[in-house]
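Protein sequences, first through last, are from chains U and A.
Each residue of the first sequence is one higher than the one before, counting from -14 in this note's numbering.
Each residue of the second sequence is one higher than the one before, counting from 274 in this note's numbering.
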Amino acid sequence: MKLTVNGKEIEIEPQPGEMLAHLLRERLGLTGTKIACEEAECGACTVLVDNVPVLSCSYPAAKAANKQVLTIEGLAELNNPVSQSDHEFQLHPLQEEFIEHGAVQCGFCIPGQIMTSYALLQRNPHPSEEDIHQALKDTLCRCAGYPTITRAVQSAAAKLRGEPPLRPVLPPVVREGELTPPPYKVIGSKQARPDAVEKVTGKAKFTDDLKFPGMLHARVKRALVPHAILKRLDVTQARKLPGVVAVLTAQDIPGEKTHGLVIYDWPVMIGVGERVRYVGDAIAIIAAETREIATQALDLIVAEYDLLEVVADPVRARQPDAPQLHPNGNLLKHIKVRKGDVTHGFEDAEIILEHTFHTAITDHAFMEPECSIARPLPNGRMEIYVGSQIPYADRSQVARALGWEEERVRIVGQLMGGGFGGKEDIAGQIHAALLANATGRPVKLLFDRHESLLAHPKRHSTQIRVKMGAKRDGRLTAVETELYGDTGAYASLGEKVLTRATTHSSGPYDIPHTRADCYAMYTNNPPAGAFRGFGVTQSAFAIESMMDILAKELNLDPIELRRQNALRVGSITNTGQLLRESVGLLECINLVERELEKQAGQMEGASRTSRSYFQPRPVEGKPHLRRAWGFAVAYKNTGLGGGAPDKAGAEVELYEDGTLEVRTSSAELGQGLVTVLRMIVAEEFAIQPEKVRVLVMDTDLTPDGGPTTASRQTFVSGNAARFAAQSLRNALAASLAEKYDVPPAQIRFIEGLAQVNGHTLPLSEVAKILRSEGRTPRAYYEYWAPETKPLGEGGDMHFAFSFAAQAAEVEVNTLTGEVRVLKVISAIDVGRAINPLGLQGQFEGGIMMGIGNALTENFIVENGVVFTDRLARYRIPSIMLTPEITAIAVEHPASAGPYGAKGVGEIVSIPTTPAITNAIYNAVGVRIDHLPVDQEVIVKELT
Amino acid sequence: MSTWNTYYQAHSLEDAIAVLTQSPSNNQIIAGGTDLLLEIQQGRHPPAHTLVDITTIPELNRLEVTSAYLWIGSAVPLAKLITWQPLQQHCLALYEAINLIGGPQVRNVATLGGNVAHALPAADGAIALLALDATVWIASPENGRTIDSSQVNQSTPNNLPIEVGQVRLRNQPLLDCYAGPGKSTLSAGEILVAFQIPLRKDGESSAFRRVMRPQGVAIAIQNMAVWLHLEKDTIMDIRIALGPAGPKPLRAHFAEEKMRGQKLSQATLSEATAAILAEARFRTSPHRATAEYRQHLTSVLLNETLAHAEAGRR
């Protein structure tokens, strides 16, 4: 057939079963078109066929015969057909504005977003916000930059009409006690991502976009039964299938048989006679010449099981007669938090309330499914190409399974299409490596969405009982919580996550007596591990709901109640930590309150007990709709804490062209660490950020930055980069001082120049000078965060906390129970807003994810079997759910943080859910105690 | 093992029918394929040797207004159909329903024919068509006998020039296409060619509404379309369609009967709701909705669709 792709006519015969996306990606090398779900749900694969956007993952290639296909790669060229050169291409206004407005984060959905938007602007040059939402309704973004995407499209439309573009929205910054901005040149300024151009042009390579000569394709045979003993396994037929190169089972693992991040309890494969603990357990792995053959071979593997009773929930898991899943039983950990004496606290109370809350399992649903490529090298080493949140942990786990020294394995980190905690554990890295080792050929192991949903660790579902005691005036006297956390089949980070859930379970409040007990239980559900919020998402929902219940019972104002009990400088947390600085909670509360009053059209200082925005309001002409606002606060630690050594290494090098490179293994998942690192080094050298390159996630080339988790990288890797830059600067100064015989303190670095004794040298010259002296202008710094204490010992369990207050306005349909979130106000104490454009993306994306957690997301497992095994069944928020968002950054600097910064990535999402459910209560009087919100329950309670 | 071997784009009804009847068990008709391809990929539908794409057949892409009917080719992409002015003018319910099917990318390939041929009991397009009293034109093989195309044209709406050779065309009520959930009565080699919908007259109007849930599969928990002929506030005639309320889309005949000749009042609505509840077979679908919730929504939807239709009449 003939077709035209990006203006070029080509002749190519479609293959059986071939979809357009595969033709474009595999045979034409146009990997800018992404495949994220392969079930026509997410829009990532959108291309234009004869000018209309279609989903190329489910559009037969043959159907494109004699048609015009436009992909993301063609858009920039289309805009400037004269120049085909890579260096001269002119971005399309959509591409420019996506960058300008910070709409690009992980970038995986961006080609689909831009192509869909392009089609919209072709037929509608004046799109309203509603038009844009309708056009992008099924083009999902999990970083959830929906507001920035909307603004970028509007701005591009304006540009195309010849009007001035829109200005990007940046969060206003409110500083603690400082009237003038701190004296930074780069920190706090608006900067584009270093990878933005690649991501808007489709040139960005994610792991599945890579190909190596001779590469095989792997698939994993999964148990698909939740609890059983593998009785018999026969892979002979699969081995015989032409095109199959290797089929490996547990007995073929040369090294250790298990992996894990904290506890090695997760079998690489289940062997005959061993226990299957969840549906995603691997029993065999296949490498074949094509993915299709590998898939065919899956069906030829025969497995027989002795099925066992399924442990379906953590409460059952704790019962003495429950089947025991691990050698040490079903209890992963009993986590205890004690402060004061709750018995005494409840005696002191004038009111005692108790309520139990339930939260659902949720899936990260990062847009890019897991992909690993293992590539054996002639020198006996193995390279693993993968987007991973913890490259060095991947290295050690892969090496362990191979039975090798760690140094023989190199993790070559790739761009990551979102992580959110879901790419901390091993996915396909070990399996790909085993197959590559067995075959001597590169092996790609790509999960499809179905496999991704089945296999990787989720957010813990929890049951949380809160007992709260208070004085009539609202002062909390005691809080007791009991949590059951479902950590699923394997530990993953379960103990850590549930420890965080437990320590945060009495909220950001100064309470004299608290007691918390958490049972982290193994079950036969998919494992649960890290997920943005790290347990605090769950416990914040419980405690913040409880605060509103208390406010209602005491007829107190919910904002006032929180203000009264809020942690502040001088408070002692429930783990016994004295907060000495950087506690911006009250400021956040006050700012949200002020904005709320502004938006609600109320004068400040109106009666505190009868705030109209917490009262239900009917909608004119629609008596069945009720609106109200709800309020919630939260806090979240930055960094690992709990006595874990928290360190990160970074290296900064100056090149002879005057550019700098900063290197650390810390991961870029789309959150913007690379922008932050670049800005920090640029700040220290007072040069343009564009002069700084960032290299991350490579265990051969970058020092260990530790796990990208716990909102820690800006703090730890940021500090490492900053101190490495400073020490490089000092080394350069020392060299120059010697050469020019001036005191080092007189040497200044500014605008890419070194000022020495009245004259200036470009940095390129400085690099040459050092090299001529036989020295490499490079500095390494290993940053150790302030020491923390283990839980139970008192003292500083964490070196910093971020704080947040949010208000959400909802509209509830009293006839159908449907809930819409109309507006959200968010104020977050981030210490220092280093990268405001990225921060806005975190603010907005965090709120969208919170909306998903409250309203749409429910990963359903029935007796160990996953029901939500397709993206169609697991719905994440679309652009249609975007509320009007007002975000305010609060800066109460943490003295040890880089320029005062602390974590941002998780706190932005945590209070959203309870703010919404509290708003629902305020609107219709229904208390949501199970997540996600079930509209049917609302109707039932109303009728 | 591939989901299909050959993708064949038919150029005429005759051509398509010939390929389909060659090997009825191996060859499978496909229109937009937005449901079918996923079902094959996910193993819910057997793979096909040849997929016969009928969207390339000219008759299936026609949009015509005759003196009495709209003729809507079954393979017109929904996105194109939405922009066809007569649709909004004559069939508001269908216009509203189509706007809600899938997302924009899906609507660029999905077809109304597929919406009906897939035979789901709550397909938004089908529910609207049912309330609008649409009939269906179906082409089938004429067992080798050549028939004169002028003969065929006598039975088609006024002057619709359908070029047919060795095919037979028949017109039948929409509901006759339904055998059960996901099962149509169309046999191998039969092709849904077009929908025929009466033009709207004075006093007539229609509306479509549905209730969704933000979790899980994006299909309606409950949908409803009404077509209404009012004179002043008296219901001269009415048609109500809803789903899922049984194995096929439901025409609420009992309720319609009760409403004809009545004033459009709260009392009439209550009676009609009761009649629908007596007629409908609501089920509890796990993780989606209970039968009780669906019963509750019936009254909500009836109120909303009628109010909307009433406001939209001319």
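Glycine included, each C-beta is placed from N, C-alpha and C at the ideal position.
### Task
Check whether the Cβ atoms of threonine 221 of chain U and glycine 256 of chain U lie closer than 8 Å to each other.
Between threonine 221 of chain U and glycine 256 of chain U, the CB-CB gap reaches or exceeds 8 Å.
For this session: List the residues of chain A that glutamate 638 of chain U touches, going by C-beta distances under 8 Å, in chain order.
Result: Under a criterion of Cβ atoms nearer than 8 Å, no residue of chain A is adjacent to glutamate 638 of chain U; the nearest Cβ is some 45 Å distant.
Exercise for review: Report, in whole angstroms, the separation of the C-beta atoms of glycine 305 of chain A and proline 377 of chain A, which I expect to be a contact under 8 Å.
Suggested key: Taking the Cβ atoms as the reference, glycine 305 of chain A lies roughly 13 Å from proline 377 of chain A, outside the contact range of under 8 Å.
Worksheet entry | Nearest residue (CA-CA) to alanine 404 of chain A, options A:Val292, A:Trp500, A:Thr307 | Closest in alpha carbon position to alanine 404 of chain A, among A:Val292, A:Trp500, A:Thr307, is A:Trp500.
query: Apart from the five residues just before and just after alanine 633 of chain U, which ones in its own chain have a Cβ nearer than 6 Å to its Cβ?
result: If you ignore the 5 residues before and after alanine 633 of chain U, its C-beta comes within less than 6 Å of the C-beta of Gly690, Gly691, Val701, Ser702, Ala705, Tyr768, all in its own chain and listed in chain order.
Query raised in the report: Of all the CB atoms in chain U, is at least one closer than 8 Å to the CB of glutamine 488 of chain A?
Result: Residue-level contact check: glutamine 488 of chain A touches chain U, since one or more beta carbons of chain U fall below 8 Å from its beta carbon.
*So which of U:Leu576, U:Ile574, U:Ser597 has the shortest CA-CA distance to alanine 585 of chain U?*
When the alpha-carbon of alanine 585 of chain U is set against those of U:Leu576, U:Ile574, U:Ser597, the nearest one is in U:Ser597.
_Just checking: is the beta-carbon of glutamine 920 of chain U within a distance shorter than 8 Å of some beta-carbon in chain A?_
So, interface residue.
Cβ pair leucine 576 of chain U, tyrosine 494 of chain U closer than 8 Å
When the beta-carbon positions are compared, leucine 576 of chain U and tyrosine 494 of chain U stay at least 8 Å from each other.
Could you tell me whether any Cβ in chain A is nearer than 8 Å to the Cβ of glutamate 794 of chain U?
By the rule that beta-carbons nearer than 8 Å mark a contact, glutamate 794 of chain U does not touch chain A.
Runs of alpha helix (DSSP H) lying entirely within the region 243 to 307 of chain U, each at least 4 residues, in chain order
Scanning the region 243 to 307 of chain U from its first residue to its last, the whole alpha helix (DSSP H) runs of 4-plus residues come out as 276 to 283, 299 to 303.
At the 8 Å Cβ level, is arginine 418 of chain A part of the contact set with chain U, yes or no? Interpretation of arginine 418 of chain A is limited by its pLDDT of 42, a score under 50 that renders its predicted location unreliable; no figure is taken from the coordinates.
Next item on the list: Report yes if the CB atom of alanine 283 of chain A is closer than 8 Å to the CB atom of isoleucine 330 of chain A, and no otherwise.
Entry: Going by C-beta atoms, alanine 283 of chain A is nearer than 8 Å to isoleucine 330 of chain A.
- Task: Determine the DSSP secondary structure at glycine 615 of chain U, reduced to helix, strand or coil.
- Result: Strand.
Buried or exposed by the 16-neighbour rule on C-beta atoms within 10 Å, applied to glycine 147 of chain U
Exposed: under 16 other Cβ atoms inside 10 Å.
query = From which residue to which residue does the beta strand (DSSP E) around proline 747 of chain U run?
reply = Looking at the DSSP string, the run of the beta strand (DSSP E) that includes proline 747 of chain U is 744 to 747.
| message | Which residues in chain A have a C-beta closer than 8 Å to the C-beta of lysine 48 of chain U? List them in chain order. | response | The answer, in chain order, is Tyr280, Gln282, Asp326.
Applying the 10 Å Cβ sphere with the 16-neighbour rule, what's the burial state of methionine 509 of chain A? Exposed.
Indicate the three-state DSSP secondary structure (helix, strand or coil) for alanine 235 of chain U in the structure shown. Correct three-state label for alanine 235 of chain U: helix.
key: Segment limits, alpha helix (DSSP H) that includes isoleucine 923 of chain U   = Counting along the chain, the unbroken alpha helix (DSSP H) around isoleucine 923 of chain U starts and ends at 920 to 927.
Would you kindly check if the distance between the Cβ of threonine 487 of chain U and the Cβ of isoleucine 248 of chain U is under 8 Å? No. Outside cutoff.
For this session: Provide the residue(s) that pair with tyrosine 504 of chain U in DSSP beta bridges, ordered along the chain.
Result: BP columns for tyrosine 504 of chain U point to U:His319, U:Tyr469.
- If we count the other Cβ atoms within 10 Å of its Cβ and call it buried at 16 or more, is histidine 744 of chain U buried or exposed? A residue is called buried once 16 or more other Cβ atoms fall within 10 Å of its Cβ, and histidine 744 of chain U, having fewer, is exposed.
- Pairwise C-alpha distance: threonine 294 of chain A and alanine 656 of chain A: Chain A is shown from 274 up to 587; residue 656 of chain A falls before or after that span and cannot be answered.
- Message: Between the alpha carbons of serine 347 of chain A and asparagine 444 of chain A, how many angstroms are there, rounded?
- Response: The alpha-carbon atoms of serine 347 of chain A and asparagine 444 of chain A are separated by roughly 13 Å.
Touch test, the region 461 to 471 of chain U against the region 420 to 440 of chain U, Cβ-Cβ under 8 Å, three pairs minimum:
With a cut-off of 8 Å, the region 420 to 440 of chain U and the region 461 to 471 of chain U do not count as touching, because too few Cβ pairs lie within range.
_For glycine 97 of chain U, report the span of its alpha helix (DSSP H) as first-last._
Its alpha helix (DSSP H) spans residues 95 to 108.
* **Distance between beta carbons of methionine 352 of chain U and glycine 403 of chain U, contact taken as under 8 Å** => In this structure, glycine 403 of chain U and methionine 352 of chain U form a Cβ contact; the two beta carbons are roughly 5 Å apart against a cut-off of 8 Å.
**Request:** Throw me the rounded Cβ distance for the alanine 401 of chain A and isoleucine 492 of chain A pair, which I believe falls under 8 Å.
**Result:** A Cβ-Cβ distance of about 15 Å is found for the pair alanine 401 of chain A and isoleucine 492 of chain A, leaving them out of contact under the 8 Å criterion.
> Would a C-beta distance cut-off of 8 Å place alanine 945 of chain U and alanine 417 of chain U closer than the cut-off?
Replying inline: Nothing about residue 945 of chain U can be reported from this structure: the residues present for chain U run from -14 to 928 only.
Quick test of the definition: if touching needs 3 or more C-beta pairs under 8 Å, does the region 536 to 556 of chain A touch the region 570 to 587 of chain A?
Contact check between the region 536 to 556 of chain A and the region 570 to 587 of chain A: three or more CB pairs, one atom from each, fall below 8 Å, which counts as touching.
- Cross-chain neighbours of asparagine 843 of chain U in chain A, by beta carbon under 9 Å: What asparagine 843 of chain U touches in chain A: Gln488, Gly489, His560.
(Q) Just list the residues that DSSP pairs isoleucine 449 of chain U with in beta bridges. (A) According to DSSP, which records beta bridges pairwise, isoleucine 449 of chain U is partnered with U:Phe342, U:Leu468.
**Prompt:** Within 10 angstroms of its Cβ, does asparagine 843 of chain U collect 16 or more other Cβ (buried), or is it exposed?
**Reply:** It is buried - the Cβ of asparagine 843 of chain U has at least 16 other Cβ atoms within 10 Å.
- Message: Rounding to the nearest angstrom, what Cα-Cα distance links histidine 511 of chain A and alanine 528 of chain A in this structure?
- Response: Reading the sequence as shown, one finds isoleucine at residue 511 of chain A and not histidine. Each residue's Cα considered, the two are about 9 Å apart.
As assigned by DSSP and simplified to three states, the class of threonine 498 of chain U: The identity of residue 498 of chain U in the sequence shown is histidine, whereas the question assumes threonine. In this structure, DSSP gives histidine 498 of chain U an extended state, which the three-state scheme calls strand.
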